[in-house]
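In my numbering, the protein residues as written are 694 to 976.
Note that CB positions come from ideal geometry on N, CA and C, so glycine has one too.
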Amino acid sequence: RISSAQNCAISADGRIAVFDTVDNDIQVVDYQTGDERFLLKGHMRPVTGLAISLDGAIIVSSSQDRTLKVWAVRTESERATLIGHMWAVNDGAISSDGRTIVSASEDSTLKVWNAASGQELLTLTGHLRGVNGCAFSPDGTFIVSASADQTVKVWDATTGRSRLTLKGHTGSVHSCTVSPDNTLIASASNDNTVRVWHSQSGELYLTLTGHSGSVLHSAFRPNGRQLLSVSKDNTLRLWDIHTGQLLTVLRVDGALSDCAWHPDGRQLVAVGPRGVYFLELKL
């Protein structure tokens, strides 16, 4: 059983969850039992991000070793190593059609890759400091990035052109995510807030305040009506995305760095240096 992790992901069918380990490996776990199914080895430095394709065929991992790796779930093996970033890769995401990968790096760039061949397609430049997080819109038309330069950027996924720069955070922005209907972007920051933005206009929609420590990750509930955030303040918070109202606070015994929803919209997993928490929300 896994005792701690910094990153997590759950497959779209809800059958598997993936976590990083202290040995720079990736543990693939049966979601219902928590038992390990297999271990993926190959990164030379800590894993910084994990993603599973919508069809469940591949896992993508990013690492401080400056690479991303693409893993085939069926064969439990490495399919490709994506090399091109100059510094640590902080995050990676997969487009919903499974064809494209985006990566965010400490070198202040993002790169777009062909998932099948591993070929680098685009480099996105414009951030002034390291890029901490990245996400594809569910419809695949745009990419969002979160940076230590305190901004969020929106990019055209096909051309790599910068569409919008979202300004308002007063600390490093750690992660970003897009709502299921593509209309909203949520960004989690070291300024202890989550900000929610309109994806087309870049206009600020909500500022979610209440955490007493850096917010490291947020995730839209599958229904798109609520947002979950996790923080170094040892809490998970669930917010109503239309009103900004705080719906519930769950407190655990340590800081939290990542979270992921099960597709049923009730179960979720959250992770941090003190533990891996399998939770169920009644609301």
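Query	Result
Cβ neighbours of T714 in the same chain (closer than 6 Å, five flanking residues each side left out)	Q720
Reduced DSSP category for G965 - H, G, I as helix; E, B as strand; rest coil	strand
Candidates E729, L972, G965 and E973, of which the one nearest Q699 by Cα	G965
N- and C-terminal bounds of the beta strand (DSSP E) containing V715	Run containing V715: none; DSSP gives neither H nor E here.
Nearest-angstrom Cβ-Cβ length linking N825 and S868, presumed shorter than 8 Å	7 Å
Cβ contact (3+ pairs, closer than 8 Å) linking the stretch 750-766 and the stretch 794-809	yes
Y724 - partner residues in DSSP beta bridges	DSSP, once it has assigned bridges, lists no residue as partnering Y724.
In chain order, each alpha helix (DSSP H) run of at least 4 residues that lies wholly inside the stretch 868-913	none
Per-residue burial, E799 [other beta carbons within 10 Å of its own, 16 or more giving buried]	buried
Any non-hydrogen atom of the ligand SAM within 7 Å of R967 CB	Summarising the ligand content, the structure contains no ligands, and the ligand SAM is consequently not present.
Given R856 as reference, the closest of G707, P831, H891 and W954 once Cα atoms are compared	H891
T844 - DSSP class collapsed to helix/strand/coil	strand
C-beta contact flag for V795 and F835 at 8 Å	no
DSSP-derived helix/strand/coil call for N783	strand
Cβ-based neighbour list, G917, same chain, cut-off 6 Å, excluding 5 preceding and 5 following	S872, P873 and D874
Burial state of F731, where buried means 16 or more other Cβ atoms lie within 10 Å	exposed
Cβ neighbour criterion (16 or more within 10 Å) applied to Q893	exposed
DSSP three-state assignment for R959, whether helix, strand or coil	coil
Beta-carbon spacing of S840, R822 below 8 Å	yes
DSSP three-state assignment for G742, whether helix, strand or coil	strand
Whole-Å CB distance - G742 paired with D706, under 8 Å assumed	Not really, about 21 Å apart at Cβ, beyond 8 Å.
8 Å Cβ cutoff met for D941 and F913	Per the sequence shown, the amino acid found at residue 941 is Thr instead of Asp. In this structure, F913 does not lie closer than 8 Å to T941 by Cβ.
Beta-carbon proximity of R930 to G947, cut-off 8 Å	no
Residue range of the unbroken beta strand (DSSP E) whose run includes A953	D951 to W954
G785 classed as buried or exposed, judged by whether at least 16 other C-beta atoms fall within 10 angstroms	buried
Whole-number beta carbon distance between Q725 and G738, since they are thought to touch under 8 Å	The amino acid at residue 738 is misidentified as Gly; the sequence shows Arg. Actually they do not touch by this definition, with Cβ atoms about 32 Å apart.
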